[in-house]
Amino acid sequence: MNSLRSLKAFYNKSYDKRPILTLCVANGILGAVSDTLAQSISLYNKYNKQLEDKYLPDSVRKHESMWTLTKTWDFQRTFRFAAYNFCVAPLGGKWYMFLDKFFPMPVATGVVSKAVQSQITKKANGMAIKRMVTDQALFAPAGLVLFFSVMGIAETGKWEGVKEKFKDAYVPALIANYKVWPAVQFINFKFMPLQYRLPFVSSLGIVWNAYLSWLNNASKQEESVLEVLEKKDTGLEVVQSV
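Okay, so the sequence shown: first residue is 1398 according to my numbering, each after it adds one.
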């Protein structure tokens, strides 16, 4: 318990001095933890196929039996995921600041009656819902666009890789997002102070980000198989024409 208090005090002190840098470092660390979880699942899945078969969408595992699964840790993948989370933290932090300013929470001053407190609570719930709806309508889909675009370019160096990721993974990820995050974000906007919102989301999002990393890697494996199959088909056509 004392260690948690010390960590909280250290975080608050750091946030007061350097809010954006603090968010970046915290988000980057949590991103690395997320990919660590995702790779651990993939390595475990070598001996237990039920996990991947059950939770990955069909669009990214049509040729799962042909995937080349590494038996060693992919440190570049972990670095990419941590770096991405580090770099997008300012965007997430500014977004929460915008929502905080645009949809301000009512605050009771002094002692108020139960009727007034009830009105304040009702208004606070309404503001939290507005924040959540705005976040899920705008930031959630845009955030996934950014994620798959950056990962596609980082992994393949070309826009074709981005297109394949959108084709295979974007819609399943967006559907999964709407099953999980509206309730989480309502709690986040209603109860969490501004400086804790991004770390709160990132902490609870360790599993979510692990899923994204897992889904992104599955999409990458599927793209690699399709490229090999296309080359084989092209070679076969050349031979037949000769």
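Even glycine gets a Cβ: it sits at the ideal position worked out from N, Cα and C. Computed from a predicted structure; not experimentally measured.
Please classify residue i as buried or exposed, where buried requires at least 16 neighbouring CB atoms within 10 angstroms.
i	result
Phe1493	In the sequence under discussion, the amino acid at residue 1493 is Tyr, which differs from the Phe named in the question. The residue is buried, with at least 16 neighbouring Cβ atoms inside 10 Å.
Trp1470	exposed
Ser1400	exposed
Asp1413	exposed
Leu1404	exposed
Ala1539	exposed
Val1604	exposed
Arg1528	buried
Phe1478	buried
Gly1558	buried
Ala1607	buried
Ser1600	exposed
Ala1512	exposed
If I measure Cβ to Cβ from residue i and keep anything under 8 angstroms in the same chain, skipping five residues before and after, which residues do I get?
i	result
Ala1537	Leu1571, Asn1574, Tyr1575, Trp1578
Pro1416	Gly1490, Gln1592
Phe1483	Cys1421, Val1422, Asn1424, Gly1425, Gly1428
Ile1526	Phe1583
Val1547	Tyr1481
Note down the Cα distance separating residue i from residue j, rounded to an integer number of angstroms.
i	j	result
Glu1620	Thr1419	36 angstroms
Phe1544	Ser1510	47 angstroms
Arg1474	Trp1556	19 angstroms
Gln1514	Leu1609	41 angstroms
Leu1488	Asp1497	14 angstroms
Gln1550	Lys1562	Residue 1550 is actually Ile in this sequence, not Gln. About 10 angstroms.
Met1524	Pro1501	7 angstroms
Phe1495	Phe1472	35 angstroms
Phe1583	Leu1541	19 angstroms
Asn1409	Gly1602	21 angstroms
Arg1402	Asn1522	29 angstroms
Phe1407	Lys1560	42 angstroms
Ile1438	Leu1535	31 angstroms
Asn1613	Leu1440	16 angstroms
Pro1590	Val1485	20 angstroms
Phe1499	Ser1411	26 angstroms
With a CB to CB cut of under 7 angstroms and the five nearest residues on each side skipped, what residues in its chain are close to residue i?
i	result
Asn1585	Arg1594, Phe1597, Val1598
Tyr1567	Leu1541, Phe1545
Val1430	Ile1603
Glu1552	Gly1558, Lys1617
Gly1554	none
What residue from the options has the CA that sits closest to residue i's CA?
i	options	result
Pro1503	Phe1588, Trp1605, Lys1617, Arg1402	Phe1588
Pro1569	Ala1480, Val1547, Trp1611	Trp1611
Val1581	Val1530, Glu1552, Thr1553, Lys1564	Val1530
Asp1565	Ser1411, Lys1617, Ala1486, Gly1554	Lys1617
Phe1476	Ile1517, Ala1406, Thr1433	Thr1433
Leaving aside the five residues before and after residue i along the sequence, list all residues of the same chain whose C-beta is less than 6 angstroms from its C-beta, in chain order.
i	result
Gln1436	none
Val1635	Low confidence applies to Val1635: its pLDDT is 41, below 50, so where it sits in the model is not reliable enough to give any reading.
Gln1533	Pro1579
Lys1520	Pro1503
Item to check | Length-filtered (4 minimum) alpha helix (DSSP H) runs lying within the segment 1509-1570 | outcome: The segment 1509-1570 contains these whole alpha helix (DSSP H) runs: 1511-1531, 1537-1553, 1556-1562.
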